[in-house]
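Sequential numbering from 5 applies to the sequence shown in my numbering. From the three backbone atoms N, C-alpha and C, an ideal C-beta is built for every residue, glycine too. All of these numbers come straight from a predicted model, not from anything done at the bench.
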Amino acid sequence: MNDVLPDEAVLWERLEDAARTIFAQYGYRNLRVPIVEATALFVRGIGDATDIVEHEMYSFEDRLNRESLTLRPEATAGIVRAAIEHHLTYDRPQRVWTAGPMFRHERPQKGRYRQFHQFDVEALGFEGPDADAEQIVMLSRLWAKLGLDGMSLHINTIGDQDERLAHRRALVGYFTEHASTLDEDSRRRLTINPLRILDSKNPVMQGIIAGAPKLVDQLGAESASRAHFEGLKNILSEAGVAFEVDPRLVRGLDYYNRTVFEWITDRLGAQGTVAGGGRYDGLFEQLGGKPTPACGFAIGVERIVLLLKADGRSVEAVPDAYVVHAGDAAAKLARATAERLRDAGLTVIVNAGSGSIKAQMRRADASGARWALIVGDDEVSADRVALKPLRVAGEQVALPPDAVAEHIGAAVEQK
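Set out below in structure tokens:
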């Protein structure tokens, strides 16, 4: 778990602002759920044979009522729980998103921490491939807004329940034949959840996995899941979103069906997935609700911030002006002037504490401010504020306090 310091937080805010804007453009509304839920929710929703439930969840007993609680390892189960509890899809489908910290006890890696942050976006009550495609296109728009290049889209279908069962039997047969070459983790998964073997990152396993039966081979020509996948591909092609069909893509959670997808970069090492998701039509019923189709995705905030850093796209959070002052009367005028500038939408720092004008000017320069506003006895007597440009060549001028904002605004427009 790590701190996010102010210089880096600027990049977080850039991502957050862009995401909120684009989600709203597509009609997604904010939904906020607790970071702590009953442990049973994640066992039922994610699957008790997943790595998350078996090894990674931060679970504890509430000493007041002896209930087992868990810090959320992902957000979808909590959103579906909230939708069932509050009847969100009773009248109409819902597009929602949430954001915040998630918790998994796993080995820290580049861009992956035990407390990590995600945007989680869900379309609840939508059954067609158009909803899946909309979310993928929305992510493509987000990458463009952030100026991120080199993002590749991988998609796959994992079919419906009967098709997955047939695929499971084929996988068990195949991997049983190769049992002597499986690693310990894969041998354990073979009898619990063989599909998860395909998600192994062990380099030794990749050759065996490459020869495993493909789920797409279990899909009949008239299969509804095949038609859904073809519809998804057609819509993405119409939208001009390039994709690669990856038959080994399965995602790590049990609740997915049909569409699964990941946006991947090659600039973060082995952990290159920056966003991923898919369809989970059975999760509502699994958690005690009425059958409700749904799809969604999550974005890894830390990983996107790493990409923004690598691209050198950091935005300095610098003030428009730094106000330097000396004397009680000057301090009063300085504060009043700063409030006028803030009323005009400018960012202003007023020097706090003591210090000579020279020392304060050094602080003004170090702040990165574009302008220094200087208020001393002479300025108070004349009801003026001295304005000195710090980042471009220019003469210092003295202006009435109510004219400063207009002068700065005109200078910005000329630039």
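For residue i, is the classification buried or exposed, using 16 other Cβ atoms within 10 angstroms of its Cβ as the cut-off for buried?
i, result
"His91", "exposed"
"Asp96", "Sequence check: residue 96 is Arg here, not Asp. The residue is exposed, with fewer than 16 neighbouring Cβ atoms inside 10 Å."
"Ile378", "buried"
"Glu167", "buried"
"Gln210", "exposed"
"Asn238", "exposed"
"Arg395", "exposed"
"Pro231", "Note that residue 231 is Ala in the sequence shown, not Pro. Classification for Ala231: exposed."
"Phe46", "buried"
"Glu306", "buried"
"Asp347", "exposed"
"Ile196", "exposed"
"Gln165", "exposed"
"Val8", "exposed"
"Gln98", "buried"
"Ala228", "exposed"
Below 8 Å between beta carbons: does that hold for residue i and residue j?
i, j, result
"Ile26", "Met155", "no"
"Phe179", "Pro207", "no"
"Arg48", "Leu223", "no"
"Ile353", "Ala373", "yes"
"Val100", "Arg33", "yes"
"Ala86", "Val37", "yes"
"Ile140", "Val264", "no"
"Trp375", "Ala325", "yes"
"Ala302", "Phe288", "no"
"Ala330", "Ile361", "yes"
"His427", "Asp250", "A query on residue 427 cannot be resolved here, the shown segment of the chain reaching from 5 to 419 and no further."
"His93", "Thr43", "According to the sequence shown, residue 93 is Thr rather than His. Against a cut-off of 8 Å, the Cβ pair of Thr43 and Thr93 comes out as no contact."
"Leu236", "Ala174", "no"
"Pro405", "Arg366", "no"
"Tyr259", "Ile50", "yes"
"Ala321", "Val14", "yes"
"Arg271", "Leu311", "yes"
Could you tell me whether any Cβ in chain D is nearer than 8 Å to the Cβ of residue i?
i, result
"Arg230", "Of the protein chains in the structure, only one exists, and it is not chain D."
Taking residue i and residue j to be in contact with their CB atoms under 8 Å, please state how far apart those CB atoms are, rounded to whole angstroms.
i, j, result
"Thr475", "Val389", "Residue coverage of the chain in this structure runs from 5 to 419, which leaves residue 475 outside it and unanswerable."
"Glu60", "His109", "5 Å"
"Glu383", "Ala334", "7 Å"
"Asn160", "Leu253", "4 Å"
"Ser144", "Val245", "5 Å"
"Gln364", "Val328", "4 Å"
"Ala103", "Phe123", "5 Å"
Let me know the alpha helix (DSSP H) ranges lying completely inside the segment 126–188, each 4 residues or longer, listed in chain order.
133–150, 165–181
Assess contact between the segment 280–291 and the segment 74–82, defined as three or more Cβ pairs (one per stretch) separated by less than 8 Å. Is contact present?
yes
Any chance the segment 182–189 sits against the segment 116–136, with 3 or more Cβ pairs inside 8 Å?
no
Return the chain-ordered ranges of every alpha helix (DSSP H) run that is complete within the segment 380–412 and spans a minimum of 4 residues.
381–386
What runs of the beta strand (DSSP E), each 3 residues or longer, lie entirely inside the segment 44–114?
62–66, 71–75, 98–107
Give, in chain order, every unbroken run of the alpha helix (DSSP H) that is at least 4 residues long and sits entirely within the segment 275–322.
287–290, 305–314
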